[in-house]
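Be aware that the sequence shown starts at 98, since it is given in this note's numbering, and climbs by one per residue.
All C-beta atoms in this analysis are idealised placements derived from N, C-alpha and C, irrespective of residue type, glycine included.
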Amino acid sequence: MASYLQIADDEKGHELDLFCVPRHYENDLDKVIIPHGLIMDRTERLARDIIQDMGGHHIVALCVLKGGYKFFADLLDYIKVLNQNSDKSVPLTVDFIRVKSYCNDKSTNSVKVIGGDELSNLSGKVRLVFDIVETGRTMQTLLSLLSECNPKMVKVVSLLVKRTPRSSGYRPDYIGFEVPDAFLVGYALDYNEYFRDLSVSMKRMRTNMKQ
Ligand code: IMP
Ligand code: MG
98 MASYLQIADD EKGHELDLFC VPRHYENDLD KVIIPHGLIM DRTERLARDI
148 IQDMGGHHIV ALCVLKGGYK FFADLLDYIK VLNQNSDKSV PLTVDFIRVK
198 SYCNDKSTNS VKVIGGDELS NLSGKVRLVF DIVETGRTMQ TLLSLLSECN
248 PKMVKVVSLL VKRTPRSSGY RPDYIGFEVP DAFLVGYALD YNEYFRDLSV
298 SMKRMRTNMK Q
């Protein structure tokens, strides 16, 4: 089973004013749960694990937009550094699709995929790079769409997996962090499109949130 860094349910997080938080978000956020530096350090290790497992095969790295874009870019940067500096290297191409499954802070039943025609061009080993798995529904829908295109192998890398009773039991192949059942924003994760422009991953305050 994939190893991960666990953030405990009673994790209090860090005070906001210890970090640089944009003024326009100050009143909407509670605590810093995962500082940006910790995300980067964990991502560096995921890159190493992925390269070790790939055995020189071609990777099509598929970024699931929008929430996955920061993680995708940082993970690929670390993979590129490894490719440049070690005897073993992995040919890499990139592709992008967009999914939408959330309304406010609730997962909805319909998972919308945009850019699906790109999927039919996938060959080689596909690695889906994803932001956060909550119920697992979005990822399971994507995987069943992908399987129709017969890629050689599909592996999922997810920055966050949420510990929640709503989980379908789906677990990605690589996991950055396992987090408590709270709504997190920042590092490209949004609440109704807000907070993507925030470096640190934070717990949102549910009260006095402006819509
Ligand atoms: P699932 O289908 O229930 O696994 O939900 C996964 C999708 O919901 C993710 O790709 C996110 O877009 C969104 N999501 C779930 N939890 C959060 C969260 O805590 N913050 C921001 N987005 C979330
Ligand atoms: Mg979202």
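Chain-order list of residues whose beta-carbon lies under 6 angstroms from that of residue i (same chain, five-residue window excluded)
i, result
"D287", "R293"
"L102", "R139 and F274"
"T190", "V157"
"K307", "Residue placement at K307 is flagged as unreliable, the pLDDT there being 46, under the threshold of 50; a coordinate-derived value is accordingly withheld."
Cβ of residue i within 7 angstroms of any chain C Cβ
i, result
"K177", "Among the protein chains of the structure shown there is no chain C, as only one such chain exists."
beta-carbon residue i near the ligand MG non-hydrogen atom, thresh 6 angstroms
i, result
"T287", "Per the sequence shown, the amino acid found at residue 287 is Asp instead of Thr. The answer is yes for D287."
"G164", "yes"
Contacting residues, own chain, Cβ-Cβ under 7 angstroms from residue i (five flanking each side not counted)
i, result
"P277", "I104, D106, E108 and R260"
"Y175", "T140, E141 and A144"
"V282", "Y288, F292, L295, M299 and R301"
"D171", "M137 and T140"
"S186", "N180"
"Y122", "F292 and L295"
Cβ-heavy atom distance, residue i to the ligand IMP, below 6 angstroms
i, result
"L115", "no"
"V226", "no"
"I229", "yes"
"L126", "no"
"R234", "yes"
"F169", "no"
"L256", "no"
"L159", "no"
"S198", "yes"
"F280", "yes"
Expected contact under 8 angstroms - CB spacing of residue i and residue j to nearest Å
i, j, result
"Y284", "H155", "About 28 angstroms; that fails the 8 angstroms criterion."
"Y267", "V230", "7 angstroms"
"P269", "V258", "7 angstroms"
"V223", "L239", "So it is not a contact: roughly 11 angstroms between Cβ atoms."
"R195", "K163", "7 angstroms"
Own chain, CB closer than 8 angstroms to residue i, minus 5 neighbours either side, in chain order
i, result
"S265", "T232, G233, R234 and Q237"
"F116", "V129, P132 and V297"
"P119", "D294 and L295"
"D146", "Y271"
"G165", "V226, F227, D228, L256 and A285"
"E112", "K128 and V129"
Check whether residue i and residue j have beta carbons under 7 angstroms apart
i, j, result
"V161", "F227", "yes"
"L225", "D192", "no"
"V208", "S198", "yes"
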